[in-house]
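Student: First residue of the sequence shown: 9, per my numbering; consecutive thereafter.
Where a beta carbon is used, it is the ideal one built from N, C-alpha and C, also for glycine.
Treat the numbers as computed from the prediction; the structure is a model and nothing was measured.
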Amino acid sequence: MNRLILERIMPIAEHEKEDAASEVRGFKAKLEMEMEALYDLLLMYESLIKHQDEQQGYIDLLMSQYREKTREQVKRQIETQQLVVQQARNRYHASQERLLGKVVEEKKYVTLHEKVSLQEMTAAKLTEQLMMDELAVIHHGKGKWHGKREQ
9 MNRLILERIM PIAEHEKEDA ASEVRGFKAK LEMEMEALYD LLLMYESLIK HQDEQQGYID
69 LLMSQYREKT REQVKRQIET QQLVVQQARN RYHASQERLL GKVVEEKKYV TLHEKVSLQE
129 MTAAKLTEQL MMDELAVIHH GKGKWHGKRE Q
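#1: Taking the alpha-carbon positions, what's the N98 to K123 distance?
#2: Do you know whose CA, among A29, K150, Q73, lies nearest E105's CA?
#3: Which residue from V111, E136, M52 puts its Cα closest to that of H23?
#4: Are the Cβ atoms of K25 and E114 separated by less than 8 Å?
#5: Is the beta carbon of A45 less than 8 Å from the beta carbon of Q89?
#6: E62 to L49, Cα distance in whole Å?
#7: Would E42 be called buried (16 or more neighbouring beta carbons within 10 Å of its own) or exposed?
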């Protein structure tokens, strides 16, 4: 790969990495929001149970059925929210994996660019040295040629 191609690819790879990082931040925020919603539901359920237990002695059958129905409804909401949190966690982890892949990919291009630049610099130094050697031979040859003419 030559340096020009790498110089064109590197900004694209960097942009893709930044997009993936932005995606990770978005999924992380969504996961945190869903986890807070689950936490709120758990607190509500705990509070509901505590409140209902405190009034246990004053309840008739109809009220008991209503409370049980309320508990079951909140339990279903908790289970649903747990699934939502798990899905959000899975999306977050998948986006982290994509970001890691983009970081590795960008690092590969940077490393390739450094190697190509080093090779070009080495080749330029070698070419310069060969030219200097040729100039030295030409210069040395002229000196000998002039010396022989004078004799």
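Tutor: Checking against the coordinates, here is how it stands:
#1: Numbered from its first residue, the sequence shown carries residue 98 at position 90. Numbered from its first residue, the sequence shown carries residue 123 at position 115. Spanning the two alpha carbons is a distance of roughly 37 Å.
#2: Reading the sequence shown from its first residue, position 97 is the one you call residue 105. The shortest C-alpha separation from E105 is found at A29.
#3: For this step, residue 23 is matched to residue 15 along the sequence shown. The shortest Cα separation from H23 among V111, E136, M52 belongs to V111.
#4: Residue 25 sits at position 17 when you count from the first residue of the sequence shown. Residue 114 sits at position 106 when you count from the first residue of the sequence shown. Cβ distance < 8 Å, so K25 and E114 count as in contact.
#5: Counting from 1 along the sequence shown, the entry for residue 45 is found at position 37. Counting from 1 along the sequence shown, the entry for residue 89 is found at position 81. In contact: A45 and Q89 (Cβ atoms closer than 8 Å).
#6: On the sequence shown, residue 62 is found 54 positions in, with the first residue counted as 1. On the sequence shown, residue 49 is found 41 positions in, with the first residue counted as 1. Their Cα atoms are separated by approximately 20 Å.
#7: Your numbering for residue 42 matches position 34 in the sequence shown. The residue in question, E42, is buried, as its Cβ has 16 or more Cβ neighbours within 10 Å.
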